[in-house]
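Numbering (the working numbering), first residue to last: 848 to 1091.
Note that the Cβ used here is the ideal one computed from N, Cα and C, for glycine as well.
Everything on this sheet refers to the single structure shown next.
Given below as structure tokens:
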């Protein structure tokens, strides 16, 4: 028995994935492993054989998170990734559940923050961790400028960069000093503002909003927010596996 990190009750805990297993499933190579990039000097890329998990949530709270995960899978994997692969263009959906999909994205960031795994050591949400816990526990809808989100399906030479995972990195907005977090999971680039963000920070507005969901499509190494990280990866020879 231990405290569940979502409901805060003492219960038997499950082995909770930080990111859902389906985000890894089709990314495995012939050896059933995937690559996690690390841009720190002196550190190596990691080849992992299974998604990262630890005992964090009780069974009841696992089911709450699973509801968000299931909807995220439907939108990202059953629809968006396939559409983008076919068209090689950005994806737009004006008929989706804004609340559920945003809860899915926020659940990724929150689970990374409460994780003790080294891969998520920079995902420290501070006071926003508790705020997100309440949002996720109660399934709350948040205003569009509260935790705004950008999403990109990345590609390398026209091939979706499935199997690419990048550790979460925080950054400060140049406009209002607010923190934004950026990470890549299975080739999808997530850019999430923490708390209430100014429109200047997200100059095109949040791409996850009540009117529509937009997922961009761009070359992995051309995303400006990550260009310095990928430049370091390239310089250290850690990106060569995807530059064949």
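By the three-class DSSP mapping on this structure, what secondary structure does residue 916 have?
Helix.
Are residue 928 and residue 1029 touching if we call contact CB-CB under 9 Å?
For residue 928 and residue 1029, no; Cβs fall outside 9 Å.
Could you tell me which of 1055, 1061, 946 and 1068 sits nearest to residue 1093, measuring between CA atoms?
With the chain running from 848 to 1091 in the structure shown, residue 1093 is simply not present.
Can you give me the Cβ contacts of residue 969 inside the same chain, cut-off strictly under 8 Å, excluding the 5 residues immediately before and after it?
If you ignore the 5 residues before and after residue 969, its C-beta comes within less than 8 Å of the C-beta of 1014, 1015, 1016 and 1017, all in its own chain and listed in chain order.
What three-state label does DSSP hand residue 935 in the structure shown?
The three-state secondary structure of residue 935, taken from DSSP, is coil.
Going by DSSP, what residue range makes up the beta strand (DSSP E) through residue 903?
It spans 900-905 - the beta strand (DSSP E) in which residue 903 sits, taken as one unbroken run.
Excluding the five sequence neighbours on either side, which residues of its own chain have a C-beta within less than 6 Å of the C-beta of residue 997, listed in chain order?
The residues are 1038 and 1054.
By Cβ distance below 6 Å, which residues in the same chain neighbour residue 946 in space, the five residues on each side in sequence not counted?
Here residue 946 has 988 as same chain residues with Cβ atoms under 6 Å from its own Cβ, once five neighbours each way along the sequence are excluded.
Using 10 angstroms around the beta-carbon of residue 867, count the other beta-carbons present and answer buried if the total reaches 16, otherwise exposed.
By the neighbour-count rule (16 or more Cβ atoms within 10 Å), residue 867 is buried.
Which stretch, first to last residue, makes up the alpha helix (DSSP H) that contains residue 865?
Unbroken run through residue 865: none, as it is neither H nor E.
Tell me which residues share the same chain as residue 1089 and place their Cβ nearer than 6 Å to its Cβ, disregarding the 5 neighbours each side in the sequence.
Confidence is the limiting factor: at residue 1089 the pLDDT is only 34, short of 50, which leaves the residue's position unreliable and the question unanswerable from this model.
With residue 902 and residue 860 assumed to form a contact (beta carbons below 8 Å), what rounded beta-carbon distance in angstroms separates them?
Sure, about 4 Å apart at Cβ, within 8 Å.
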